[in-house]
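S.K.: Supplied in structure tokens, the structure appears directly below.
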Amino acid sequence: MDGNGHAHDEVRSSWTLEEVRALHRLPFADLMHRAQTVHRRHFDPNEVQVSTLLSVKTGACPEDCAYCPQSIRYDTGLEREALMEPEAVVERARAARDAGATRFCMGAAWRSPKDRDLEKVAAMVEGVASLGLETCATLGMLTPAQAKRLKDAGLDYYNHNLDTSEAFYGEVITTRTYQDRLDTLAAVRAAGINVCCGGILGMGEQPEDRVAFLHTLATLEPHPESVPINNLVQVEGTPLAGTAALDPLEFVRIIALARILMPRSHVRLSAGRSAMSDEMQALCFLAGANSIFYGEKLLTTGNPDTASDHALFERLGIRPEAH
Ligand code: SF4
């Protein structure tokens, strides 16, 4: 129990900012021990959930997210690709399943989907679900009616990231507000779809922003089922290229914090993993990360290839989590 009478691994949304700050200040060994203790109470520590991500519509996005090579505002040399046909997506999903993925995520670079496009995505979701894979989509902002349509098609998860703290958000994105993001998350939740929501570290935010960002996630009720934590991949041509890199140990700390604050959520190592050493990934798993993307290119930036992931799992005695 802590001083407030809370069991350490109680699942709750009542975290205070001060509690999150206090965790963040813990000595590294204490923080890791606490994260690992919570992790073991809720998960098999030797299992990691494996997702594959496919970009089903690439580039030409009207939004101005300062980290993103898909924004139409930044010249990054990215090839644009129109919305894929559902049959082609299902083909790729089958290959991902055969390579060991249990969840297939479909990403489209939109501000929000048009209803015509949403019907195509619904067909993709139906096709991918029929392969026995869990389905996830990330399509930008959704109305409650659009969320319901996706739920009816069989969508299991919707990804929509808060990205960072509310205070720092305006430095990264100006074309929609933090509240817009929270509204989409609420629509997804109300439709009965699981929520995948996290953010990006290393965008030039202060430690207090990372604390506030995690506090916002951990006070959502219920917590997001899936919490992707990305390390900024700096893409030449985007405004965030040249940002000072984050201390890798601070990244591990944030993973540990996410684990402690949201004990039952899958904490996912996402973008930026290809720049991490095997040792750093091992520390992240120890801190409670238990989900990765593998296989396909991670939307438009590189991802370690499946072979090196298999080798790392082998060296660490990690098994992919069954569906
Ligand atoms: S992160 Fe998403 S919404 Fe933002 S510019 Fe990239 S594709 Fe568009």
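As numbered in our numbering, the sequence shown has no gaps in its residue numbers, which increase by one up to the final residue, 323.
Heads up, the beta-carbon is just placed ideally off N, CA and C, and yes, glycines get one too.
Indicate the three-state DSSP secondary structure (helix, strand or coil) for L54 in the structure shown.
M.R.: Sequence index remark: in the sequence shown, residue 54 carries index 54 (1-based). Three-state result, L54: strand.
S.K.: Can you determine whether any heavy atom of the ligand SF4 sits closer than 7 Å to the C-beta of A369, and answer yes or no?
M.R.: The structure shown has nothing for residue 369, since the chain only spans 1 to 323.
S.K.: To the nearest angstrom, how far is it from the Cα of T16 to the Cα of R94?
M.R.: Position 16 of the sequence shown, counted from the first residue, corresponds to residue 16. Position 94 of the sequence shown, counted from the first residue, corresponds to residue 94. C-alpha separation (whole angstroms): 44 Å.
S.K.: With DSSP run on the structure shown, which of helix, strand or coil describes E47?
M.R.: The residue given as residue 47 occupies position 47 in the sequence shown. Here E47 sits in strand by DSSP.
S.K.: Using only the alpha-carbon positions, how far apart do A287 and T58 sit?
M.R.: Here residue 287 is taken as the residue at index 287 of the sequence shown, counted from 1. Here residue 58 is taken as the residue at index 58 of the sequence shown, counted from 1. Straight-line Cα distance between these residues: approximately 33 Å.
S.K.: Start and end of the beta strand (DSSP E) containing C68?
M.R.: Within the sequence shown, the letter at position 68 stands for residue 68. Unbroken run through C68: none, as it is neither H nor E.
S.K.: How far does the beta strand (DSSP E) with G339 in it reach, from first residue to last?
M.R.: Only positions 1 to 323 of the chain appear in this structure, which leaves residue 339 out of reach.
S.K.: Provide the residue span of the beta strand (DSSP E) that contains S291, from first to last.
M.R.: Translated into the one-based positions of the sequence shown, residue 291 becomes position 291. First-last of the beta strand (DSSP E) with S291: S291 to F293.
S.K.: Please work out which residues of its chain come closer than 8 Å, Cβ to Cβ, to S14, disregarding the five sequence neighbours upstream and downstream, and give them in chain order.
M.R.: For the purposes of this step, residue 14 is taken as residue 14 along the sequence shown, with counting starting at 1. Correct list, in chain order: T219.
S.K.: Any heavy atom of the ligand SF4 closer than 7 Å to the beta-carbon of A282?
M.R.: Start at 1 with the first residue of the sequence shown, and residue 282 comes out as number 282. For the ligand SF4, not one heavy atom lies less than 7 Å from the Cβ of A282.
S.K.: Report, in whole angstroms, the separation of the C-beta atoms of C196 and P222, which I expect to be a contact under 8 Å.
M.R.: As a working mapping, residue 196 is identified with position 196 in the sequence shown. As a working mapping, residue 222 is identified with position 222 in the sequence shown. No, C196 and P222 are not in contact; Cβ-Cβ is about 13 Å, not under 8 Å.
S.K.: To the nearest angstrom, report how far apart A145 and D183 are at their CA atoms.
M.R.: Here residue 145 corresponds to residue number 145 of the sequence shown, with the count starting at 1. Here residue 183 corresponds to residue number 183 of the sequence shown, with the count starting at 1. If you take the alpha carbons of A145 and D183, they lie about 13 Å apart.
S.K.: Examine the Cβ distances between the stretch 198-205 and the stretch 164-183 and report whether three or more of them are shorter than 8 Å.
M.R.: Result yes; three or more Cβ-Cβ pairs closer than 8 Å.
S.K.: Give me the DSSP bridge partner(s) of V267.
M.R.: On the sequence shown, residue 267 is found 267 positions in, with the first residue counted as 1. Answer is V227.
S.K.: Can you check the stretch 127-179 for any alpha helix (DSSP H) of at least 4 residues that lies completely inside it and give the ranges in chain order?
M.R.: As far as the stretch 127-179 is concerned, its whole alpha helix (DSSP H) runs of at least 4 residues are 144-153 and 166-172.
S.K.: Spatial neighbours of D156 within its chain, please: C-beta separation below 8 Å, excluding the five flanking residues on both sides.
M.R.: Your numbering for residue 156 matches position 156 in the sequence shown. Once the five neighbours on either side are set aside, the close Cβ partners of D156 are R103, A129, E134, T135, C136, I193 and N194.
S.K.: Which residues, in chain order, sit with a beta-carbon under 5 Å away from any heavy atom of the ligand SF4?
M.R.: Result: C61, E63, C65, C68, Q70, S71 and A109.
S.K.: Measuring alpha carbon to alpha carbon, tell me which of L150, L131 and M32 ends up nearest L139.
M.R.: Locating residue 139 in the sequence shown gives position 139, where the first residue counts as 1. The shortest C-alpha separation from L139 is found at L150.
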